[in-house]
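So for the sequence shown, numbering that gives the first Met the number 0 puts the first residue at 0; every next one is plus one.
Following: one structure in structure tokens, then a few remarks.
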Amino acid sequence: MAERAIHTTTIKVSQDDLQIDAYLAKPSQEGSYPGVVVLQEIFGINSHIRNVTERIAQEGYVAIAPALFQRIAPGFETGYTPQDIEIGRNYAMQTKASELLSDIQRSIDYLKTLPEVKKDGFGCIGFCFGGHVAYLASTLPDIKATASFYGAGIATRTFGGGEPTISRTREIKGTLNAFFGMEDASIPIEQVDQIEAELEKYNIPHRVFRYDGADHGFFCDQRASYNSIAAADAWEQVKQLFGQL
0 MAERAIHTTT
10 IKVSQDDLQI
20 DAYLAKPSQE
30 GSYPGVVVLQ
40 EIFGINSHIR
50 NVTERIAQEG
60 YVAIAPALFQ
70 RIAPGFETGY
80 TPQDIEIGRN
90 YAMQTKASEL
100 LSDIQRSIDY
110 LKTLPEVKKD
120 GFGCIGFCFG
130 GHVAYLASTL
140 PDIKATASFY
150 GAGIATRTFG
160 GGEPTISRTR
170 EIKGTLNAFF
180 GMEDASIPIE
190 QVDQIEAELE
200 KYNIPHRVFR
210 YDGADHGFFC
220 DQRASYNSIA
230 AADAWEQVKQ
240 LFGQL
């Protein structure tokens with residue numbers, strides 16, 4: 000099937016007295032489309048995240064990528080050098096779970112104001128830092144399908160301190176698919192097994208994908224760790240997942 004023509008723009012989402020920058024992509028053709036929230040890596044709303052947002056729109060969704068570092072570093076976007084990674088990690092450490100959830104809910108609320116967006120269930124996809132945030136966001140009542148890519152720390156911590164995010168697994172409202180590379184040193188296999196066991200324990204509809212030979216960031220074709228085979232399979236799984244919306 001040919002890719003849909005899309006329209007992209009940068010918008011602002013109101014959150015109390017804060018204006019959150021967000022990248023919006025939607026099909027150009029009139030219609031009724033499900034909404035999907037795209038959650039960034041530690042590198043901000045950079046070209047990779049914009050590309051993912053556009054790819055989702057081309058599949059027939061209205062996709063929004065809110066700037067999750069808005070409070071800390073407005074307009075931040077960077078590449079993948081060791082220095083970039085250190086800066087991004089520092090910003091990620093300053094985020095708080097309650098604020099992240101609030102920003103995501105506000106992004107969903109914005110999508111609900113758009114006449115072309117279906118209001119009965121939203122998707123969520125995140126990578127790296129955003130993969131962990133996506134697991135957290137899957138607890139929101141509006142989120143019916145979540146794709147969490149290589150989210151480090153789900154089993155061991157949460158943003159701003161407190162019980163690890165995995166402790167909220169019972170609150171997940173929809174289906175969650177999690178994607179991990181088996182060469183990812185930042186996410187030990189034991190933690191992947193722990194996440195899967197917790198999803199099973201609470202009867203959360205889920206699938207956990209383990210890619211042999213894939214490292215952290217395997218979905219990003221701008222990183223040295225890009226794995227085209229794993230990325231292609233994961234994208235097909237994401238399309239099936241969001242097809243439920």
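Positions of the beta carbon are idealized from the N, C-alpha and C atoms, including for glycine.
A quick note: this is a predicted structure, and the numbers were derived from the prediction, not measured.
{"Check": "Given E2 as reference, the closest of Q14, P26 and T174 once Cα atoms are compared", "Outcome": "P26"}
{"Check": "Sequence-distant residues of the same chain with beta carbon closer than 6 Å to D214, five excluded per side", "Outcome": "G180, E182, D183 and S224"}
{"Check": "Exposure of P81, with buried meaning 16 or more beta-carbon neighbours within 10 Å", "Outcome": "exposed"}
{"Check": "Beta-carbon contacts of A4 that lie in its chain and below 8 Å, excluding the five residues immediately before and after", "Outcome": "P26, S27 and Q28"}
{"Check": "Residues near K118 by beta carbon distance below 6 Å, same chain, minus five either side", "Outcome": "K111"}
{"Check": "Sub-7 Å separation of F208 and F178 beta-carbons", "Outcome": "yes"}
{"Check": "Those residues which DSSP pairs with T168 across a bridge", "Outcome": "In DSSP, T168 forms no bridge with anything."}
{"Check": "Residue ranges of each alpha helix (DSSP H) within the stretch 42-96, 4 or longer", "Outcome": "46-57 and 81-92"}
{"Check": "Close Cβ partners of T9 (< 8 Å) along its chain, the five nearest in sequence each way excluded", "Outcome": "D20, A21, Y22 and L23"}
{"Check": "Contacts around Y79, its chain only, beta-carbon distance under 6 Å, and the 5 residues preceding and following it disregarded", "Outcome": "R222"}
{"Check": "Straight-line Cα distance separating V237 from G40", "Outcome": "The residue asked about is misnamed: residue 40 is Glu in this sequence, not Gly. Taking the straight line joining both Cα atoms gives about 17 Å."}
{"Check": "Straight-line Cα distance separating I171 from C219", "Outcome": "27 Å"}
{"Check": "Selection from E58, C127 and P65 that minimises the alpha carbon distance to I84", "Outcome": "C127"}
{"Check": "Sequence-distant residues of the same chain with beta carbon closer than 7 Å to G30, five excluded per side", "Outcome": "E115"}
{"Check": "Rounded straight-line distance, which links the Cα of G122 to that of G74", "Outcome": "25 Å"}
{"Check": "Pairwise C-alpha distance: A66 and L17", "Outcome": "12 Å"}
{"Check": "Assigned exposure category for D211 - 16 Cβ within 10 Å defines buried", "Outcome": "exposed"}
{"Check": "Those residues which DSSP pairs with P26 across a bridge", "Outcome": "I5"}
{"Check": "Option nearest A96 by Cα separation, candidates I86, G161, E195 and S185", "Outcome": "G161"}
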